[in-house]
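Number of protein chains: 2
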Amino acid sequence: MSIDIAQLERGIVKGDRRALSRAITLVESTRPDHRAMAAELVEALKGADGVDRQALRIGLSGTPGVGKSTFIEGFGGMLTGQGLRVAVLAVDPSSARSGGSILGDKTRMDRLSRDPNAFIRPSPSQTHLGGVGRRSREAVALCEAAGFDVVLIETVGVGQSETVVAEMSDLFVLLLAPAGGDELQGVKRGIMEIADIILINKADGDLKSAASRTCADYSGALRLLRKRPQDPEGFPKAMMVSALEDTGMQPAWGEMQALTKWRRENGHWDARRAAQARYWFGEEVRQGLLSQLATPEARAAMEELGAAVAEGRTTPAIAARELLERIGAGVWNG
Amino acid sequence: MSIDIAQLERGIVKGDRRALSRAITLVESTRPDHRAMAAELVEALKGADGVDRQALRIGLSGTPGVGKSTFIEGFGGMLTGQGLRVAVLAVDPSSARSGGSILGDKTRMDRLSRDPNAFIRPSPSQTHLGGVGRRSREAVALCEAAGFDVVLIETVGVGQSETVVAEMSDLFVLLLAPAGGDELQGVKRGIMEIADIILINKADGDLKSAASRTCADYSGALRLLRKRPQDPEGFPKAMMVSALEDTGMQPAWGEMQALTKWRRENGHWDARRAAQARYWFGEEVRQGLLSQLATPEARAAMEELGAAVAEGRTTPAIAARELLERIGAGVWNG
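If you're matching them up, the sequences are chains W and C in order. Read in my numbering, the first sequence has 1348 at position 211, and its numbers run on one by one without any break. Read in my numbering, the second sequence has 1298 at position 161, and its numbers run on one by one without any break.
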């Protein structure tokens, strides 16, 4: 594609959805010239038109089958109904492993995808975790610059994707299905620790009493966790929603707003955004250093020396020193 | 310390324990000159005296309280009683988080620590995971060169340490305590997938029937896992042992030997060692590239640009490009 950065910038600031789409495609590209342009675009948009545009970035995770698409359709529709503009992005670093489940699938969010105040972007098809995270963070920044009030960043409960999404979110919502109390342990401890609000979905019909028990179980479990400085009294909390019957959505949104207000007033919002910016800076630097292995010369040397190591002709440390010397990179320290 | 690599090499090959201890201290050092000497030593020992010395490397994991020290005392003592030489190393990348539990604690392995055919090395006090893993792998190579028949590599069930230990082990043993069936889910799925043998410890006294149930539960769970090419019929398997009553140790060792024999005969031993060597080569290279951030100049630039990013004066990608340019490293690709 031929790319005019200034034109893209103007389009995004005006809220032109086609410009936003094209810009996200640009930040998702792995071509070095595209990457350079993308970085310039994000930098330019940072201070565009002098307005401090900050969306509420909500990370949303849940295992397949929990009803994420239906929830987003209902929750997003409620927000646009209140005049808010909503963007939905997906981070799916493990598309190979999750068996091809598509996040941000527009066919499953039929109403929202036709809503003029909503923007849905399916997950990019890349598979490299570090890369996907960095690109998604920039896509979030583009949506923010485009004036969206809420950016929903959807992921599945597989591998490290929650941690990556938490590093680009202002608050993190875990969506769960009703279940017996014995399944409490199935939720990874790490996720419980980053969740701000746990929503028990499918609190309707036959599942209503199971949802109620699950909600009580998780409320109890959350009380056992150590208190975090970024939480006001009563948070993190578990609540029930029904995407199907469209109930519990407004209370959930109310709690998100209350939590956000408290964090803004107590300095936690800014502190978290600053810490996240530092984190992504470190990631960019680390990926930049590791990209020295991406040249054809480095790949060939990795292959040749890797074979020598595998066959026992040399040791990992000695071979690594030779590789770093050959590609003229790195300070070898064994 | 003043270091004579050739002397250390001769001492290790002769089985001199003081030489081995000093060499392990050398590979654990982070000083660049020590690192270079350590790499030379490991390389020199690789082909020392023309003998192909391969120890059986057994990774051993278990949460605190499961009775690891008592097990190692009993199991190690049984092996030395059969004329085998046994080394015990510890990998504890998370000493800060595990609340100061010491691995390879000699006071808890009183008999074994005084056994002339045993060598016990407590965990190094470093906290950097990548570093600890690489150093431990070299310590294993030193023990192998020193003629030990079995190297036990002990770790705790915290974080990523099992994966690191599995990457330097020929077989992996998970030690568990008897428990109700509902605690089955408490074991991380990832560990179940790398375990070759699960030992239910404390199968004695009042806990005997609980141990029997736990063993049956895990036997069932293991059968549900996908079969791996490196496993003969019946593996991975769960068995009961009692470190206290010293029962089940010989059957467990018999299974380890049977598994090892099958893997050796079917090419899996060599294939795994080759794959592990490649893995550690890659780790050495990655750590070498990232070590470009360890210079005072790089640290200062990280601090300065990190602050600019945190304050929103620039974006992570732009700041990363500037950092990589300043330290003259990396191929920036955003």
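Yeah, the Cβ is synthetic: ideal placement off N, Cα and C, and Gly gets one too. The structure presented is a predicted model; accordingly, all values stated were derived computationally and were not measured.
Anticipated Cβ contact below 8 Å, D1247 of chain W with T1217 of chain W, distance rounded: Contact check for D1247 of chain W and T1217 of chain W: beta-carbon distance about 14 Å, past the 8 Å limit, so the pair fails to qualify.
Option in C:V1293, C:V1288, C:P1315 and C:S1298 with minimal Cα separation from L1308 of chain C: Measuring from the Cα of L1308 of chain C, the nearest candidate turns out to be C:V1288.
Validate contact between the stretch 1399-1417 of chain C and the stretch 1382-1396 of chain W using beta carbons, cut 8 Å, 3 pairs: Look at the beta carbons and you see the stretch 1399-1417 of chain C not touching the stretch 1382-1396 of chain W: under three pairs across the two are nearer than 8 Å.
Residues from the stretch 1164-1193 of chain C in contact with chain W, defined by Cβ distance under 7 Å: Taking 7 Å as the Cβ-Cβ cut-off, the stretch 1164-1193 of chain C approaches chain W at P1169, R1172, A1173, A1175, A1176, V1179, E1180 and K1183, given in chain order.
Residue of C:G1213, C:V1422, C:L1313 and C:V1446 minimising C-alpha distance to P1452 of chain W: The sequence shown places Thr at residue 1452 of chain W, not Pro. The shortest CA-to-CA distance from T1452 of chain W to any of C:G1213, C:V1422, C:L1313 and C:V1446 is the one to C:V1422.
Beta carbon proximity, L1427 of chain C to chain W, threshold 7 Å: L1427 of chain C counts as touching chain W.
Element boundaries [beta strand (DSSP E), containing E1291 of chain C]: E1291 of chain C -> beta strand (DSSP E) spans V1287 to T1292.
Chain C contact for A1282 of chain W (CB, 7 Å cutoff): Closer than 7 Å: no.
For V1225 of chain W, the residue or residues it bridges with in DSSP: Beta-bridge pairing links V1225 of chain W to W:I1257 and W:L1289.
Expected contact under 8 Å - CB spacing of I1290 of chain W and M1305 of chain W to nearest Å: That pair is a contact at about 6 Å.
Residue interval of the beta strand (DSSP E) (run including G1218 of chain C): Taken as a continuous stretch (DSSP letters only), G1218 of chain C belongs to no beta strand (DSSP E), being part of the alpha helix (DSSP H) at K1205 to G1218.
Cβ-based contacts, 8 Å cut-off: residues of the stretch 1440-1470 of chain W near chain C: Against chain C - using a Cβ distance shorter than 8 Å - the residues of the stretch 1440-1470 of chain W are L1442, G1443, V1446, A1447, E1448, G1449, T1451, T1452, P1453, A1454, I1455, A1456, A1457, R1458, L1460, L1461, A1466, G1467, V1468, W1469 and N1470.
Residues bridged to G1196 of chain C (per DSSP): Per DSSP, C:I1290 and C:F1309.
7 Å Cβ cutoff met for A1276 of chain W and L1226 of chain W: For A1276 of chain W and L1226 of chain W, yes; Cβs fall inside 7 Å.
Of the residues C:G1419, C:M1215 and C:A1408, the one placed nearest L1427 of chain W, counting alpha carbons only: Cα-wise, what sits closest to L1427 of chain W is C:G1419.
Among C:E1177, C:F1256, C:A1175 and C:I1455, the one whose alpha carbon lies nearest that of I1209 of chain C: The shortest C-alpha separation from I1209 of chain C is found at C:F1256.
Sequence-distant residues of the same chain with beta carbon closer than 7 Å to L1145 of chain C, five excluded per side: For L1145 of chain C, same chain residues with a beta-carbon under 7 Å away, outside a window of 5 residues either side, are A1156, R1159, A1160 and L1178 in chain order.
Three-way DSSP call (helix, strand, coil) for S1379 of chain C in this model: If DSSP states are grouped into helix, strand and coil, S1379 of chain C belongs with the strands.
Residue burial classification, T1300 of chain W (beta-carbon count within 10 angstroms, cutoff 16): Within 10 angstroms of the beta-carbon of T1300 of chain W lie fewer than 16 other beta-carbons, which makes it exposed.
Alpha carbon of R1258 of chain W to alpha carbon of A1224 of chain W, nearest angstrom: About 8 Å.
For G1148 of chain C and T1162 of chain C, the rounded distance between their alpha carbons: A direct Cα-Cα distance of roughly 15 Å separates T1162 of chain C from G1148 of chain C.
Interface residues of chain C facing V1422 of chain W [CB-CB closer than 8 Å]: The contacting residues are L1430, M1439, A1457, L1460, L1461 and G1467.
A1447 of chain W burial status per 10 Å Cβ neighbour count (16 or more: buried): The residue is buried, with at least 16 neighbouring Cβ atoms inside 10 Å.
Of the residues C:Q1297, C:E1330 and C:D1341, the one placed nearest A1314 of chain C, counting alpha carbons only: With distances taken between Cα atoms, A1314 of chain C lies closest to C:D1341.
For K1374 of chain C, three-class secondary structure by DSSP: Three-state result, K1374 of chain C: strand.
Residue from W:T1432, W:P1369 and W:R1450 whose Cα sits closest to the Cα of L1461 of chain W: Nearest Cα to L1461 of chain W within the set W:T1432, W:P1369 and W:R1450: W:T1432.
Presumed contact (8 Å Cβ cut-off) between G1152 of chain W and A1283 of chain W, rounded CB distance: Confirmed, Cβ separation roughly 6 Å.
DSSP beta-bridge partners of I1335 of chain C: In the DSSP output, where bridge partners are listed per residue, I1335 of chain C has C:L1311 and C:A1375.
Closer than 7 Å to chain W by CB, F1418 of chain C: Yes, F1418 of chain C lies at the interface with chain W (some Cβ there is under 7 Å from its Cβ).
Min CB distance R1415 of chain W to chain C below 7 Å: For R1415 of chain W, the closest Cβ of chain C is nearer than 7 Å.
A1474 of chain W: contacting residues in chain C (beta-carbon distance under 9 Å): No statement about residue 1474 of chain W is possible, as the shown extent of chain W runs from 1138 to 1471 and does not include it.
Which of helix, strand or coil DSSP assigns to T1384 of chain W: T1384 of chain W: strand per DSSP, three-state reduction.
is_contact[A1411 of chain C, chain W] using C-beta, thresh 7 Å: A Cβ of chain W is located within less than 7 Å of the beta carbon of A1411 of chain C.
Where D1229 of chain W falls, given that 16 or more other Cβ within 10 Å makes a residue buried: Looking at its Cβ environment, which holds 16 or more other Cβ atoms inside 10 Å, D1229 of chain W is buried.
Nearest-angstrom Cβ-Cβ length linking Q1387 of chain W and M1215 of chain W, presumed shorter than 8 Å: The C-beta separation of Q1387 of chain W from M1215 of chain W comes to about 7 Å, placing the pair in contact by the 8 Å criterion.
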